[in-house]
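Numbering (the numbering used here), first residue to last: 50 to 337.
The beta-carbon is built from N, C-alpha and C at its ideal position, and this holds for glycine as well.
What follows is a single structure, written as structure tokens, with notes after it.
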């Protein structure tokens with residue numbers, strides 16, 4: 050039996066997805082405008098009371114790390130940051146646009162735990178590297194959070210096909226992505242979704258090339274960071290599928306990140322073991 054959807058089927062499924070919500074479209078425009086401020090963001094967020102409530106809860110959680118109570122949406126926006134909130138709004142928009150499927154071959158909680166782990170490790174690596182050059186840690190966090198969104202596309206579009214691919218990866222004792230056809234992989238599906246919803250180019254590259262960082266021309270550093278963080282998350286036990294085989298490090302990506310293995314292990318363990326922070330963020334995305 051084939052273990053993949055046809056490229057046409059994936060493209061058709063994505064084309065049939067609804068457009069992003071007006072709130073997200075407006076919010077995306079604001080984030081891309083360097084002259085916009087907290088008041089502009091608040092004005093858009095107020096159009097979605099549910100999202101507003103979630104952001105206030107997150108601002109008052111262990112994730113934010115502030116002991117005092119945050120009751121103002123503007124204060125929450127200033128505290129969390131515009132790009133961090135953008136990643137949260139993206140998660141909500143994506144999940145609301147995808148069909149809910151009970152028979153996916155993975156648990157959503159495991160999917161999000163892996164994704165949040167990759168985001169946290171990616172951000173931690175980028176903060177360390179920022180000492181030596183310009184890098185936007187919030188962009189890296191968002192990229193890590195959304196890197197595997199193609200698995201949701203395939204898993205909700207045809208869970209039976211994905212289950213076959215998972216079985217094949219176990220038979221081959223290989224990483225999941227190696228059991229997929231290139232044209233119909235979760236990375237291809239993620240890239241198609243990113244372009245369909247007009248994501249920033251850096252996110253398109255991360256979604257498409259995080260298993261093959263050399264494919265990215267303009268965003269090789271960020272793609273390499275997410276690639277390394279993805280594997281570190283696997284090695285710390287944060288996986289999407291039961292008994293999942295970890296991918297292998299790409300030597301060129303490791304060279305680009307240029308951190309010693311011991312430093313990377315320390316960064317990964319510290320990021321993943323911050324349970325209170327992880328749980329606060331997981332609660333947000335799981336309720337999206």
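Reference residue i, options the options, closest by Cα
{"i": "residue 274", "options": "285, 259, 208", "result": "259"}
{"i": "residue 173", "options": "289, 282, 77, 223", "result": "282"}
{"i": "residue 158", "options": "310, 264, 289", "result": "289"}
{"i": "residue 95", "options": "84, 109, 71", "result": "71"}
{"i": "residue 145", "options": "216, 315, 123, 100", "result": "100"}
{"i": "residue 166", "options": "153, 189, 184, 154", "result": "189"}
{"i": "residue 90", "options": "309, 125, 265, 142", "result": "125"}
Residue i: first and last residue of the uninterrupted alpha helix (DSSP H) it sits in
{"i": "residue 160", "result": "157 to 178"}
{"i": "residue 256", "result": "250 to 258"}
{"i": "residue 89", "result": "87 to 94"}
{"i": "residue 73", "result": "71 to 81"}
{"i": "residue 307", "result": "Taken as a continuous stretch (DSSP letters only), residue 307 belongs to no alpha helix (DSSP H), as it is neither H nor E."}
{"i": "residue 104", "result": "98 to 108"}
Under 8 Å between C-beta atoms of residue i and residue j
{"i": "residue 254", "j": "residue 272", "result": "yes"}
{"i": "residue 294", "j": "residue 223", "result": "yes"}
{"i": "residue 262", "j": "residue 280", "result": "no"}
{"i": "residue 87", "j": "residue 127", "result": "yes"}
{"i": "residue 104", "j": "residue 134", "result": "yes"}
{"i": "residue 200", "j": "residue 160", "result": "yes"}
{"i": "residue 170", "j": "residue 304", "result": "no"}
{"i": "residue 252", "j": "residue 192", "result": "yes"}
{"i": "residue 256", "j": "residue 240", "result": "yes"}
{"i": "residue 177", "j": "residue 308", "result": "yes"}
{"i": "residue 202", "j": "residue 238", "result": "yes"}
Reduced DSSP secondary structure (H/G/I, E/B, other) of residue i
{"i": "residue 241", "result": "helix"}
{"i": "residue 220", "result": "helix"}
{"i": "residue 321", "result": "helix"}
{"i": "residue 287", "result": "coil"}
{"i": "residue 266", "result": "coil"}
Distance between beta carbons of residue j and residue i, contact taken as under 8 Å
{"i": "residue 197", "j": "residue 235", "result": "7 Å"}
{"i": "residue 107", "j": "residue 129", "result": "7 Å"}
Residue i at chain C interface by Cβ criterion, 8 Å
{"i": "residue 164", "result": "The structure shown has no chain C; it contains just one protein chain."}
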